[in-house]
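Numbering (UniProt numbering), first residue to last: 1 to 138.
Where a beta carbon is used, it is the ideal one built from N, C-alpha and C, also for glycine.
Structure follows, in structure tokens:
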């Protein structure tokens, strides 16, 4: 009784400190005995100062909605980052595949390869007396 009177005298200070936890536990706790005890405490606080209790309830619900919105935004951001990473990996994989293809073409002497002997750069002519037309086809 004495403790209850002290709590009632300081309800303006105590209730804002404990309200969120009491409210959350009343909704989420698995043990029904605990939930019943919490409901009794909340009912007592509501009887002590119903206006403060209503204000704290409304404030708690607004904060919970803001928290849920932040969670949705965070999840969307992570989803976007994961999609970006997937696109980046695909792009890098494709670039590596293209690079390998270019290297393979160069090794086979394909005309499209820049390192191919048939590229746009002129071949150096061998020096010597028999360069050009005087070669025999043996």
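### Query
With burial defined as no fewer than 16 other Cβ atoms inside 10 Å of the residue's Cβ, what is the status of residue 56: buried or exposed?
By one-based count along the chain shown, residue 56 stands at place 56. Flag for residue 56 reads buried.
### Neighbourhood of residue 27 by C-beta, 8 Å cutoff - its chain only, sequence neighbours within 5 removed
One-based indexing of the chain shown puts residue 27 at position 27. Taking residue 27 as the centre and dropping the five residues before and after it, the same chain places no C-beta closer than 8 Å to its C-beta.
### Three-pair Cβ contact test at 8 Å for the stretch 47–61 versus the stretch 7–17
Contact holds: three or more Cβ-Cβ distances are below 8 Å.
#### Entry: Range covered by the alpha helix (DSSP H) that runs through residue 78
For the purposes of this step, residue 78 is identified with residue 78 of the chain shown, where counting begins at 1. Taken as a continuous stretch (DSSP letters only), the alpha helix (DSSP H) holding residue 78 covers 50–108.
### Collapsed DSSP secondary structure at residue 40 in the structure displayed
Looking up residue 40 in the chain shown gives position 40. If DSSP states are grouped into helix, strand and coil, residue 40 belongs with the helices.
### Message
Could you check whether residue 84 and residue 23 sit closer than 7 Å to each other, using their CB atoms as the reference points?
### Response
As a first step, residue 23 must be located in the chain shown, where it is residue number 23. As a first step, residue 84 must be located in the chain shown, where it is residue number 84. No, they are not a contact pair.
### Query
CB of residue 30 to nearest heavy atom of the ligand SAH: below 6 Å?
Among the ligands in the structure shown, none appear at all, so the ligand SAH cannot be discussed.
### Query
What span of residues does the alpha helix (DSSP H) with residue 28 cover, start to end?
Residue numbering aside, residue 28 sits at position 28 when the chain shown is read from its first letter. For residue 28, the uninterrupted alpha helix (DSSP H) run begins and ends at 11–28, by DSSP.
### Task
Check each candidate in 36, 34, 44 and 29 and name the one with the smallest Cα separation from residue 3.
Start at 1 with the first residue of the chain shown, and residue 3 comes out as number 3. Minimum Cα distance to residue 3 is reached at 44.
### Query
Anyone know if the C-beta pair for residue 38 and residue 25 falls short of 7 Å?
In the chain shown, the residue the question calls residue 38 occupies position 38. In the chain shown, the residue the question calls residue 25 occupies position 25. For the pair residue 38 and residue 25, the CB atoms are nearer than the 7 Å cut-off.
### Task
Could you check the C-alpha separation between residue 92 and residue 31 for me, to the nearest Å?
By 1-based counting over the chain shown, the position of residue 92 is 92. By 1-based counting over the chain shown, the position of residue 31 is 31. Rounded to whole angstroms, the separation of the alpha carbons of residue 31 and residue 92 is 53 Å.
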